Amino acid sequence: MIKVRLSAEADADLLDILTRTYAEYGSDALLRYELLIVTALSDVAVSHRRSGLVARPEFGPGIHSYHLRHSWERARHPTGIVRRPRHFILYRQLLPELIGVGRILHDVMEVERHLPERFGDE
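Sequential numbering from 38 applies to the sequence shown in this note's numbering.
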């Protein structure tokens, strides 16, 4: 299976997302959203043909995005599922066996203002 590496910015995004989720919705929601993000990252790594993968050449060569909503059905937690995920993953293939995640952004953010400098290749 292809490995996934988070950039420093994506790692900070993830921490912020999970911290806010816990603060606003509690521990059950935190567990559900964390599982959803892990499932989405795994989905990206497993197949380049998965529904929902979008080439984003306007942001740079080889950059793709994947919205978490495409993984929500596979991310079932004993406490439920995330019905309306609001984040997407911005990534690119670094090596045949390695995907680099540049950011994990809220879907209302202007991507152009939040483009990562690195994609886990630092």
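The C-beta atom is built at its ideal place from N, Cα and C for all residues, glycine as well.
Note that this is a predicted model, so its numbers are computed, not measured.
Residue(s) in a DSSP beta bridge with residue i
i, result
"His-101", "Ala-92 and Tyr-128"
For residue j and residue i, the rounded distance between their alpha carbons
i, j, result
"Arg-106", "Asp-144", "11 Å"
"Val-75", "Leu-68", "11 Å"
"Gly-139", "His-114", "26 Å"
"Lys-40", "Glu-134", "6 Å"
"Arg-123", "Leu-72", "14 Å"
"Phe-96", "Pro-153", "10 Å"
"Arg-86", "Ser-79", "13 Å"
"Thr-56", "Ala-77", "19 Å"
"Val-81", "Ala-92", "13 Å"
"Ile-136", "Phe-156", "8 Å"
"Met-38", "Tyr-70", "23 Å"
"Ile-26", "Glu-110", "Residue numbering for the chain in the displayed model covers 38 to 159; residue 26 lies beyond these limits and cannot be assessed."
"Asp-50", "Leu-142", "7 Å"
"Tyr-59", "Asp-48", "17 Å"
"Pro-98", "Leu-127", "12 Å"
"Glu-46", "Asp-53", "10 Å"
Reduced DSSP category for residue i - H, G, I as helix; E, B as strand; rest coil
i, result
"Arg-111", "helix"
"Val-75", "helix"
"Val-145", "coil"
"Val-119", "coil"
"Ile-136", "strand"
"Arg-106", "helix"
"Arg-42", "strand"
Whole-number beta carbon distance between residue j and residue i, since they are thought to touch under 8 Å
i, j, result
"His-101", "Arg-129", "6 Å"
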